[in-house]
Amino acid sequence: MNLDQNINTGYFLPHHAVVREQKDSTKVRIVFDASSKGKDALSLNDCLESGPNLNPDLLKIILRFRLHKTAFCADIQFAFLEVGIANEDREFLKFLCIKKEGPNLDLSTRNIETLRYKRVTFGVTCSSFLLAAIIRLHLEKYEKEYAKACEMLNELYIDDLINGTSDITEAIQLSNDMIYILSEASMNLRSWATNSPILNEAWKRANVDGRETSEELDVPFKILGIIWDNMNDNLTFDIKQFEKLRNLVIVTKRIILSTQGMLFHPIGIMNPFTVRMKLLLQTIWELGIPWDECVPSEIKATFIEWLKEIEVLRNFEIPRLYFSEVNWESVELHLFSDASPKCNGSVAYFRIKYTDRYVTSYRDEIFPPFVFFL
1 MNLDQNINTG YFLPHHAVVR EQKDSTKVRI VFDASSKGKD ALSLNDCLES GPNLNPDLLK
61 IILRFRLHKT AFCADIQFAF LEVGIANEDR EFLKFLCIKK EGPNLDLSTR NIETLRYKRV
121 TFGVTCSSFL LAAIIRLHLE KYEKEYAKAC EMLNELYIDD LINGTSDITE AIQLSNDMIY
181 ILSEASMNLR SWATNSPILN EAWKRANVDG RETSEELDVP FKILGIIWDN MNDNLTFDIK
241 QFEKLRNLVI VTKRIILSTQ GMLFHPIGIM NPFTVRMKLL LQTIWELGIP WDECVPSEIK
301 ATFIEWLKEI EVLRNFEIPR LYFSEVNWES VELHLFSDAS PKCNGSVAYF RIKYTDRYVT
361 SYRDEIFPPF VFFL
């Protein structure tokens, strides 16, 4: 398409590449910014409805993932690219591309062409809704014959399947059923991983697209931001990204805010550690310090000390499985909460009754503590 002929129609998507060395599949991804806008203009996302959120609750997914003895995960390959866009709407998914690259790069209009996306694009506000709605509509055709498989597929988080069962035979059947159901929509449910060697061998015999273990790949499996060591069946937290902050010289409010958000822990187990940064940010706000101005030396020292303590988390891990034995009679959930002048917190324990004894599980915040600043 000639650039000069369509420059004033539709919408052009700015884009850039994101390199993710830790990913074991797609290491380079193009990211489109549908929120970009010029002066006194609207972005594409400003003009679109986002649609209802059809994704299940993040915390519920992780809690369910920790209930089953046999856990597994997979994802849909290029899920968004399996959903088509009506021809008349493609004018709003245009982007510029260089025709010919080289050492003497020509950036004139004769070396730039306009391309249009024919498929749903990640970064457009309604994309997640469209994908989820299409999958749910497709599943309606299979709910009677494949009830359990459809139930699991209805719990996809965007394109990620994270679930489990207590029975290996059922896990084999469910994985086969889910692969078949999505294949009927031209979607490839691939990159299967599990903590069960038996299930893994069954997938290999059935030529299921499975991943090697996290140990063999030397690339951590991430379950919605949490690292899963499927060999030892433990959960750990990603602190590798903090390494770039080791020699930090300038500390600003913007840096502190972005840093405390880097430690992702949806089950709330790190809140006693991260709440200190939230309290520090509260102090910064009270002082009225601008975003990119250096913070006072005492605040900087507190932040640097907190960064040093993050290294301790490198060896911190928790068992994925809540109940290591299957012959339990009952489970009690005990909740505790407390408050201070600065914040409130809560914690929960599982008390498991077996046939011959009681066991109280390790301390685990299964609900994120409520933090209220006074």
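Oh and the sequence shown: position 10 is 10 in full-length UniProt numbering, straight run, nothing missing.
Using N, Cα and C, we set each Cβ at its ideal position, and we do this for glycine too.
In this text the structure is predicted, and so the values were computed from the model without any measurement.
A straight-line Cα-Cα distance of about 10 Å links E184 and Y142. Rounded to the nearest angstrom, the gap between the Cα atoms of P341 and L279 is 11 Å. For R29, the enclosing beta strand (DSSP E) starts and ends at V28 to F32.
Taking a 10 Å sphere around the C-beta of W192, we find 16 or more other C-beta atoms and assign the residue as buried. Taking the CA atoms as reference points, Y180 sits about 17 Å from F78. Looking at the DSSP output, H16 bridges to V31. Considering only I158, I168, K27 and S35, the residue with the shortest C-alpha distance to V124 is S35.
Rounded to the nearest whole angstrom, the C-alpha separation of L182 and K118 is 21 Å. The Cβ atoms of F65 and G164 lie closer than 8 Å to each other. The DSSP assignment places 127–139 and 147–153 as complete runs of the alpha helix (DSSP H) inside the stretch 105–173, in order along the chain (cut-off: 4 residues). T9 sits in coil when the DSSP states are folded into three classes, being neither helix nor strand.
Beta-bridge analysis with DSSP links F65 to no other residue. It is roughly 48 Å from the alpha-carbon of G288 to the alpha-carbon of A71. For I289, the secondary structure class from DSSP, reduced to helix, strand or coil, is coil. Taking the Cα of K69 as reference, the smallest distance to any Cα among F264, S196, P56 and F350 is reached at S196.
The alpha carbon of R320 has as its nearest neighbour, out of V249, N232, P56 and L58, the alpha carbon of N232.
Inter-residue distance for L248 and I198 is about 47 Å (C-alpha atoms, whole angstroms).
In the displayed model, C343 falls within coil according to three-state DSSP, outside both helix and strand. Counting along the chain, the unbroken alpha helix (DSSP H) around F303 starts and ends at S297 to E309. Beta-bridge analysis with DSSP links Y349 to H334.
Within the same chain, L199 and A202 come within 7 Å of I172 by CB-CB distance, once the 5 residues on both sides are set aside. Sorting F12, A301, L105 and P272 by C-alpha distance to the C-alpha of N344 places P272 at the top. Assignment of K94 by DSSP, reduced to helix, strand and coil, places it in the strand class. Straight-line measurement puts the Cα of N87 at about 34 Å from the Cα of K144. DSSP, read as helix, strand or coil, puts Y322 in coil. Under the Cβ criterion (8 Å, minimum of three pairs), the stretch 8–21 counts as touching the stretch 84–101. Residue pairing from DSSP leaves A41 without any beta-bridge partner. Looking at the DSSP output, W228 sits in a beta bridge with F221 and L235. Distance from the CA atom of C150 to the CA atom of N53, rounded to whole angstroms, is 19 Å. In the structure shown, D57 falls within a coil segment according to DSSP collapsed to helix, strand and coil. Counting along the chain, no beta strand (DSSP E) covers I267, and no H or E run does either. C-alpha of L257 to C-alpha of C126: approximately 28 Å in a straight line.
Between the alpha carbons of Y11 and L42 lies a gap of roughly 10 Å. Per DSSP, the beta-bridge partners of C294 are T252.
If you ignore the 5 residues before and after W306, its C-beta comes within less than 7 Å of the C-beta of R276 and M277, all in its own chain and listed in chain order. A residue is called buried when at least 16 other Cβ atoms come within 10 angstroms of its Cβ; R211 meets this threshold and is buried.
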